[in-house]
Amino acid sequence: MDSITPGTRPARALTRRRGTAYIRLHYKTLRFPARQDDQQHRAMLAEAQTVLHTWCRQSEWAAPTITGGRGAHLFTDDGRSILDMSSLAECSNLGHQHPQVIEAIRAQAAKLCFVTSAWGAEPRARLAELLLEKSDLSGGRVFFTLGGADANEHAVKFARQAAARPAGWVITRDRSYHGASYAAMALSGDSRTAQQVDAAAYRVIHVPPPYAYRCPFKTRSAEDCGTAAAARIAATMDAQGAQQFAAVLMEPNAGTNGIVAPENFWPALRELTRTRGVYLIADEVMSGFGRCGEWFAWQRYGRENAPDMMSLAKGLTGAHAPLGAVVVAAPVARLLEEQALLTGLTYSGHPLSCAAGVAAIESYQREGLIERSRALGATLLRALQELQAQHTIIGDVRGGHGLFAVVELVRNRDTREPLAPWPQLHPGLRRLLKEALDAGVSFAARGNLILLAPPLVIAERELADALNLLGRLLGPLAQTLRTEESS
Ligand SMILES: Cc1ncc(COP(=O)(O)O)c(C=O)c1O
Numbered sequence: 154m155d156s157i158t159p160g161t162r163p164a165r166a167l168t169r170r171r172g173t174a175y176i177r178l179h180y181k182t183l184r185f186p187a188r189q190d191d192q193q194h195r196a197m198l199a200e201a202q203t204v205l206h207t208w209c210r211q212s213e214w215a216a217p218t219i220t221g222g223r224g225a226h227l228f229t230d231d232g233r234s235i236l237d238m239s240s241l242a243e244c245s246n247l248g249h250q251h252p253q254v255i256e257a258i259r260a261q262a263a264k265l266c267f268v269t270s271a272w273g274a275e276p277r278a279r280l281a282e283l284l285l286e287k288s289d290l291s292g293g294r295v296f297f298t299l300g301g302a303d304a305n306e307h308a309v310k311f312a313r314q315a316a317a318r319p320a321g322w323v324i325t326r327d328r329s330y331h332g333a334s335y336a337a338m339a340l341s342g343d344s345r346t347a348q349q350v351d352a353a354a355y356r357v358i359h360v361p362p363p364y365a366y367r368c369p370f371k372t373r374s375a376e377d378c379g380t381a382a383a384a385r386i387a388a389t390m391d392a393q394g395a396q397q398f399a400a401v402l403m404e405p406n407a408g409t410n411g412i413v414a415p416e417n418f419w420p421a422l423r424e425l426t427r428t429r430g431v432y433l434i435a436d437e438v439m440s441g442f443g444r445c446g447e448w449f450a451w452q453r454y455g456r457e458n459a460p461d462m463m464s465l466a467k468g469l470t471g472a473h474a475p476l477g478a479v480v481v482a483a484p485v486a487r488l489l490e491e492q493a494l495l496t497g498l499t500y501s502g503h504p505l506s507c508a509a510g511v512a513a514i515e516s517y518q519r520e521g522l523i524e525r526s527r528a529l530g531a532t533l534l535r536a537l538q539e540l541q542a543q544h545t546i547i548g549d550v551r552g553g554h555g556l557f558a559v560v561e562l563v564r565n566r567d568t569r570e571p572l573a574p575w576p577q578l579h580p581g582l583r584r585l586l587k588e589a590l591d592a593g594v595s596f597a598a599r600g601n602l603i604l605l606a607p608p609l610v611i612a613e614r615e616l617a618d619a620l621n622l623l624g625r626l627l628g629p630l631a632q633t634l635r636t637e638e639s640s
């Protein structure tokens with residue numbers, strides 16, 4: 154995931170004084186006695202200087218070291234407990250260090266760590282069965298990957314193969330994120346990486362998103378925005394001839410880009426792809442496993458709106474082990490049945506990860522977490538709407554179908570001018586994140602959006618406290634803007 158959490162921020166200074174080593178972070182000085190120091194100190198020193206960290210300037214990386222976690226909390230090596238309001242990268246849906254998942258990995262490790270896909274493996278078979286059951290795509294099949302990007306790449310491969318359109322075009326949205334491999338970058342409509350890849354060379358076309366609050370089709374009606382966005386996809390296909398297209402790949406409901414599709418968008422998309430004989434791929438990497446209040450976000454729209462394929466990762470193991478998957482519906486599986494599948498990944502269906510996946514699904518079910526997410530999502534949305542009523546800096550709040558909601562910050566509610574041009578992070582918002590972290594809560598932000606996606610096990614009290622804190626910090630941020638504007 155690519156949002157900014159308060160752990161990554163500038164102003165790192167590393168100094169050594171006699172007998173003591175210091176790493177000075179922006180918000181705190183961690184102090185290690187030099188003798189017992191060295192292992193811990195060296196680890197931090199090494200990481201800041203040896204690891205290439207994602208989505209940041211290396212010179213600015215200065216995050217605390219996490220040594221453990223439980224439920225919605227992470228523990229730092231200086232003894233702090235941090236409430237995680239983003240499930241790290243919207244992936245730790247089950248909370249941190251879920252005991253049953255850990256035990257399943259331990260038991261599987263003792264039995265069998267690895268066999269390739271050329272051999273059968275019990276947890277792989279069981280996980281495929283569970284995924285087909287939960288998605289109601291019985292008669293389908295599951296291809297296992299290592300994460301979300303390669304799941305999306307493979308979904309596109311399978312769509313082209315099943316459609317017998319090896320060079321078929323794929324339609325995705327502007328301002329989407331589907332992963333960081335080259336093909337996934339091409340699929341993504343991400344301004345930060347657009348220069349790194351020639352999307353057309355991957356036969357990908359981007360279309361405007363159904364972003365109701367800032368609708369590219371110049372309407373303020375969410376429904377009209379959904380209709381217009383779907384109509385643009387239909388028109389794009391019709392202009393070239395639908396037989397030139399292999400698939401449309403999109404997130405059904407909410408995405409890490411902070412867009413929550415209007416209710417009519419996905420059903421309209423299903424209808425127009427079905428009538429044109431083009432596969433519909435749901436990217437459920439972030440939205441799956443309860444995040445949007447269903448096992449899979451498309452289920453919100455009913456069985457008749459099931460995709461032809463879906464890509465999964467993140468919540469699939471609750472991030473306890475790396476794993477992704479492509480689930481293909483029965484008609485696609487039938488088409489692929491007698492054709493060679495000329496692709497593979499050494500670790501496809503790795504038994505340790507699949508054992509984690511089985512235990513994760515059993516835990517979602519046993520603990521009623523999908524229903525819990527739906528109920529708490531409604532609470533979250535209501536609380537954010539109350540904050541919006543108090544703070545004019547909040548332009549829009551959306552989501553809340555499950556424990557995923559977006560707060561969009563603006564300079565002016567009438568003009569909807571964002572805090573900073575997308576995708577920049579306003580320094581005042583950066584400061585808010587730091588102050589929240591100092592108070593023990595980690596929020597994630599992207600551009601002018603605060604993304605709320607806590608683990609589905611978060612206690613109601615913890616959720617309420619985090620939102621109260623957010624409310625308290627929004628006042629000073631609004632004041633910063635007023636000062637900026639008057640100077
Ligand atoms: C919707 C979506 N698709 C795909 C990906 C890529 O997943 P991964 O980082 O596991 O490759 C992400 C990651 O944030 C995502 O949010």
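Everything in the sequence shown is counted per this note's numbering, starting at 154 for the first residue and increasing by one.
Here a beta-carbon is modelled for each residue, glycine too, at the ideal position from N, C-alpha and C.
TYR366 and ASP549 do touch by the CB rule: their CB atoms are close to 5 Å apart, below 8 Å.
Counting of Cβ neighbours within 10 angstroms places ALA474 among the buried residues, the total reaching 16 or more.
VAL204 sits exposed, since fewer than 16 C-beta atoms from the chains shown fall within 10 Å of its C-beta. Shown here, PHE418 sits in a helix according to DSSP, grouped into three states.
Taking C-alpha positions only, GLY530 is separated from ALA215 by approximately 32 Å. A distance criterion of 7 Å places the beta-carbon of VAL563 beyond contact range of ligand 1, judged by its closest non-hydrogen atom. Assigned with DSSP and collapsed to three states, ALA478 falls in strand. Look at LEU290 here: in three-state DSSP terms it is coil, with no helix or strand label. Comparing C-alpha distances from PRO361 to each of ILE386, VAL323, VAL350, GLY443 shows the shortest one belongs to ILE386. Assignment of beta-bridge partners to HIS249 by DSSP yields GLY224.
Short of 6 Å from the beta carbon of LEU469, and not among the five residues preceding or following it, lie these beta carbons of its own chain, in chain order: LEU476, GLY510.
Burial check for LYS264: the Cβ neighbour count within 10 Å stays below 16, so the residue is exposed.
These are the residues, in chain order, with a beta carbon less than 5 Å from any non-hydrogen atom of ligand 1: MET154, GLY300, GLY301, ALA302, HIS331, GLY332, THR409, ASP436, VAL438, MET439, ALA466. The alpha carbon of ILE547 has as its nearest neighbour, out of GLY555, ASN565, GLY553, the alpha carbon of ASN565. The three-state reading of DSSP puts ASN621 in helix, counting H, G and I together.
Of all alpha-carbon atoms in LYS310, ALA589, GLU637, LEU609, the one lying nearest the alpha-carbon of SER234 is that of ALA589. Distance between VAL594 and ALA486, taken at the CA atoms: about 45 Å. A check of alpha carbon separations from GLY502 across SER270, GLN261, THR207 identifies SER270 as the nearest. In this structure, the beta-carbon distance from MET238 to PRO576 does not fall below 8 Å. A distance of 8 Å or more separates the beta carbons of CYS266 and LEU498.
The residues LEU284, VAL295, PHE296, PHE297, THR298, ALA304, LEU465, LEU469, in chain order, have a CB closer than 7 Å to that of ALA478 in the same chain once the five nearest residues on each side in sequence are set aside. Here ASN305 carries a helix assignment [DSSP, helix/strand/coil].
Assignment of GLY300 by DSSP, reduced to helix, strand and coil, places it in the coil class. Looking at the DSSP output, TRP322 bridges to PHE398. Within 10 angstroms of the beta-carbon of ILE255 lie fewer than 16 other beta-carbons, which makes it exposed. Shown here, ARG569 sits in coil according to DSSP, grouped into three states, outside any helix or strand.
Around the C-beta of ASN406, 16 or more other C-beta atoms lie within 10 Å, and the residue is accordingly described as buried. For TYR432, the pairing in a beta bridge is given by DSSP as ALA400. VAL357 and MET463 have their C-alpha atoms spaced approximately 18 Å apart. By the neighbour-count criterion, in which a residue is buried when 16 or more other Cβ atoms sit within 10 angstroms of its Cβ, LYS371 is exposed. Annotation: the continuous alpha helix (DSSP H) that includes LEU522 extends over 522-543. If you ignore the 5 residues before and after GLU437, its C-beta comes within less than 8 Å of the C-beta of GLU404, PRO405, PHE449, ALA450, TRP451, MET463, SER464, LEU465, all in its own chain and listed in chain order. With a cutoff of 8 Å on beta-carbon distance, VAL480 and VAL431 are scored as not near each other.
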